[in-house]
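Asker: Everything in the sequence shown is counted per UniProt numbering, starting at 1 for the first residue and increasing by one. Just dropping this structure here.
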Amino acid sequence: MKVLVVGGGGREHALCWALAKSPRLTKLWCAPGNAGIADSAQCVAIADSDIDGLVTFARENQVDLVVVGPEAPLVAGLVDALDAVGIKSFGCSKAAAQLEGSKGFMKDMVAKFGVPSAAYGRFTKPEDARAFVEKHGAPIVVKTDGLAAGKGVTICQTVDEAFAAIDECMLDGKFGAAGAELVIEEFMTGEEASFFAICDGENVIPLVAAQDHKAVGEGDTGPNTGGMGAYSPAPVFTKSVEAKVMEQIIVPTVKGMADEGHPFKGVLFAGLMIDNAGNPKLIEYNIRFGDPECQVLMTRLKSDVLDILDGAATGTLDRVKPEWHDETAMIVVMAAKGYPGSYQKGTEIKNVADADAMDKVKVLHAGTKMDGDKLTATGGRVLGVTARGSSVTDAQKRAYAAVDAINWPDGFCRRDIGWRAVAREQG
């Protein structure tokens, strides 16, 4: 098969790295790709927002399967455009993509489907949003309705913090059009996990869970980011929890979306809150692999990923049974100093090859490019140093040894990825 991966971040590097191992693969492209992806795929200079350009490339090169990495092209209708010219794709339609493209749509749908989730309100006027906060009190969660690159969620400990978050979105335009409508939710307590299931519109199969670290600072402090690290499996996500999630959350959503006339194809990523009794509630859905969770999933996956992605695209998931390494996988994200605020681009990164050569380590690139013979940083989250180990503690030790082998004075990382699981292991 000839495959085109759309995107240029760490998630797409992980997908290309995994796809490159498939015996079914004859050619692999990535648009636009990055410096690391160039080792696994031929990078083509087409932006992931250029729907016409991507469709034209896929037609001219007789691509058998387009794998859409990021959410924005899905929300913009890339899959619909590919369907219109008869090109298979892994990803959901524009209508189904509203599950991530509009948090309000997602909340309304899951309420209709009977999925357990937080109580909420939808608001287009700041005064109505403030009145809801005053009525319900704090802590409370303020979310932009639209896409905000993983940063449009504010957990507010006081009513004043919630008012400030409302004003930032609706009056100051911090998140642009994404913040013109808000979803405000009750604050849920428990332990978070990310769970992934693959759908072909009708069939759905579970993958595995991971735990992400969203906050920029150690001990889960500071502002939210796109993700500073993750590990899988997640100890909180037992077989009992998985059964509840599939029965109460995933299957009703897949059936409900089909009944609504928007069958869901691709990967359904459920952000979950799990209480002390092991009962899950849905925080929100994403309609693509998480970044950095995809990196640890692809590190653990034993099966041919092309079989899974093609099964979702062709409605043949009932023939697919993914197999996984029992080992733990962990990713530590190295970001440019200043992230998630302003940061400098173009700084040089050295010794990545040394880290990549370490046992059970893979350095996956997110925001990188080659400047002559120099590897340089082009984004906020730049590298994902990924390792497998016999335990979370072992995987953590390998990942940080590889981080320490990289010479990048202008970068930083959290030094406590996996801290809850390590504490569990160490009693």
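Heads up, the beta-carbon is just placed ideally off N, CA and C, and yes, glycines get one too.
(1) So, helix, strand or coil for Gly-256, using DSSP?
(2) Just to confirm before moving on: does the CB-CB distance between Arg-414 and Ala-329 stay below 7 Å?
(3) Taking a contact to mean a Cβ-Cβ separation below 7 Å, would you say Phe-90 touches Ala-312 in this structure?
(4) If contact is defined by three or more beta carbon pairs under 8 Å, each pair taking one atom from either stretch, is the stretch 97-112 in contact with the stretch 273-287?
(5) Taking only three categories from DSSP, how would you classify Val-363?
(6) What separation, rounded to the nearest whole angstrom, lies between the Cα atoms of Met-188 and Ala-96?
(7) Determine the extent of the alpha helix (DSSP H) in which Met-188 is found, giving its start and end residues.
(8) Go through its chain and collect everything with a Cβ distance to Lys-337's Cβ below 8 Å, but skip five positions before and after it.
(9) Please state whether DSSP places Phe-195 in a helix, a strand or coil.
(10) When DSSP labels each residue in this structure, what does Glu-218 get in the three-state scheme?
(11) Name the DSSP bridge partner or partners of Met-370?
(12) Taking contact to mean 3 or more Cβ pairs, one atom from each stretch, closer than 8 Å, check whether the stretch 289-300 and the stretch 347-358 are in contact.
(13) Return the CA-CA distance between residue 454 and Ile-140, expressed in angstroms with no decimal places.
(14) Buried or exposed for Leu-171, please, with buried defined as at least 16 other CB atoms from any protein chain shown within 10 angstroms of its CB.
(15) Report the start-end ranges of each alpha helix (DSSP H) in the stretch 2-52 that is 4 residues or longer and not cut off at the edges.
(16) Helix, strand or coil for Tyr-120? Go by DSSP, reduced to three states.
(17) With DSSP as the reference, please indicate the residues paired to Pro-280 in a beta bridge.
Answerer: With the given structure in hand:
(1) Taking the first residue of the sequence shown as 1, we reach residue 256 at position 256. The answer is helix: DSSP assigns Gly-256 an H, G or I state.
(2) Here residue 414 corresponds to residue number 414 of the sequence shown, with the count starting at 1. Here residue 329 corresponds to residue number 329 of the sequence shown, with the count starting at 1. One thing to note: Arg-414 has its Cβ no nearer than 7 Å to the Cβ of Ala-329.
(3) Taking the sequence shown and counting its residues from 1, the one referred to as residue 90 is at position 90. Taking the sequence shown and counting its residues from 1, the one referred to as residue 312 is at position 312. Taking C-beta atoms as the reference points, Phe-90 and Ala-312 count as a pair closer than 7 Å.
(4) Verdict: yes, contact present.
(5) Indexing the sequence shown from 1 puts residue 363 at position 363. Val-363 carries a strand assignment under DSSP once its states are collapsed to helix, strand and coil.
(6) Within the sequence shown, numbered from 1, the residue matching residue 188 stands at position 188. Within the sequence shown, numbered from 1, the residue matching residue 96 stands at position 96. Rounded to whole angstroms, the separation of the alpha carbons of Ala-96 and Met-188 is 26 Å.
(7) Along the sequence shown, read from residue 1 onward, the residue named residue 188 stands at position 188. Premise fails: Met-188 is in no alpha helix (DSSP H) and is neither H nor E.
(8) On the sequence shown, residue 337 is found 337 positions in, with the first residue counted as 1. So the list reads Tyr-343, Gln-344, Asp-410, Gly-411, Phe-412, once near-sequence residues are dropped.
(9) Against the sequence shown, residue 195 aligns to sequence position 195. Three-state DSSP puts Phe-195 in a strand.
(10) Sequence index remark: in the sequence shown, residue 218 carries index 218 (1-based). Residue state for Glu-218 is assigned as coil, using DSSP reduced to three classes.
(11) Locating residue 370 in the sequence shown gives position 370, counting from the first residue. Paired residue(s): Leu-375.
(12) By the Cβ test, the stretch 289-300 is not in contact with the stretch 347-358, since fewer than three Cβ pairs between them sit closer than 8 Å.
(13) Given that the chain is displayed from residue 1 to residue 427, the structure contains no residue 454 and the question cannot be resolved.
(14) Residue numbering aside, residue 171 sits at position 171 when the sequence shown is read from its first letter. With fewer than 16 other CB atoms across the displayed protein chains lying within 10 angstroms of its CB, Leu-171 is exposed.
(15) Counting only runs of 4 or more, we get 10-19.
(16) Counting from 1 along the sequence shown, the entry for residue 120 is found at position 120. If DSSP states are grouped into helix, strand and coil, Tyr-120 belongs with the strands.
(17) Counting from one through the sequence shown, the residue named residue 280 turns up at place 280. For Pro-280, the pairing in a beta bridge is given by DSSP as Ile-274.
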